[in-house]
Amino acid sequence: MTGLGMLVLKQLREEKIQSRGLRFLQMYLRSRSGDSLVSS
253 MTGLGMLVLK
263 QLREEKIQSR
273 GLRFLQMYLR
283 SRSGDSLVSS
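Okay, so the sequence shown: first residue is 253 according to my numbering, each after it adds one.
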(Lines of atoms letter the chains of each structure in order from A and count residues from 1; the text may use other names and numbers.)
(Lines give C-alpha, C1' and ligand atoms only; values in the text may rest on other atoms or scores of the structure.)
Protein backbone atom coordinates (compact mmCIF):
# COMPACT_ATOMS: atom_id res chain seq x y z
CA MET A 1 0.00 0.00 0.00
CA THR A 2 2.64 2.49 1.10
CA GLY A 3 4.99 1.49 -1.71
CA LEU A 4 2.23 1.94 -4.26
CA GLY A 5 1.34 5.35 -2.83
CA MET A 6 4.97 6.45 -2.99
CA LEU A 7 5.17 5.23 -6.58
CA VAL A 8 2.08 7.22 -7.52
CA LEU A 9 3.37 10.34 -5.77
CA LYS A 10 6.69 9.98 -7.57
CA GLN A 11 4.93 9.68 -10.92
CA LEU A 12 2.71 12.69 -10.16
CA ARG A 13 5.79 14.70 -9.23
CA GLU A 14 7.55 13.71 -12.45
CA GLU A 15 4.55 14.20 -14.73
CA LYS A 16 2.84 17.55 -14.19
CA ILE A 17 0.41 16.79 -17.00
CA GLN A 18 -0.99 13.96 -14.89
CA SER A 19 -1.40 16.41 -12.00
CA ARG A 20 -3.51 18.61 -14.27
CA GLY A 21 -5.51 15.54 -15.27
CA LEU A 22 -6.11 14.74 -11.60
CA ARG A 23 -7.45 18.25 -11.01
CA PHE A 24 -9.75 17.87 -14.02
CA LEU A 25 -10.93 14.50 -12.69
CA GLN A 26 -11.67 16.07 -9.29
CA MET A 27 -13.72 18.83 -10.92
CA TYR A 28 -15.55 16.26 -13.05
CA LEU A 29 -16.38 14.06 -10.06
CA ARG A 30 -17.46 17.09 -8.01
CA SER A 31 -19.79 18.37 -10.75
CA ARG A 32 -21.14 14.87 -11.26
CA SER A 33 -21.88 14.38 -7.55
CA GLY A 34 -23.41 17.87 -7.54
CA ASP A 35 -25.76 16.89 -10.36
CA SER A 36 -26.60 13.73 -8.42
CA LEU A 37 -27.50 15.74 -5.33
CA VAL A 38 -29.58 18.18 -7.38
CA SER A 39 -31.52 15.46 -9.22
CA SER A 40 -32.03 13.71 -5.90
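For glycine and all other residues, C-beta sits at the position ideal for the given N, C-alpha and C. Small disclaimer: the values here were computed from a predicted structure and weren't measured.
Pair within 7 Å by beta-carbon distance, residue i and residue j
i	j	result
L261	S271	no
Cβ neighbours of residue i in the same chain (closer than 7 Å, five flanking residues each side left out)
i	result
L281	none
G273	none
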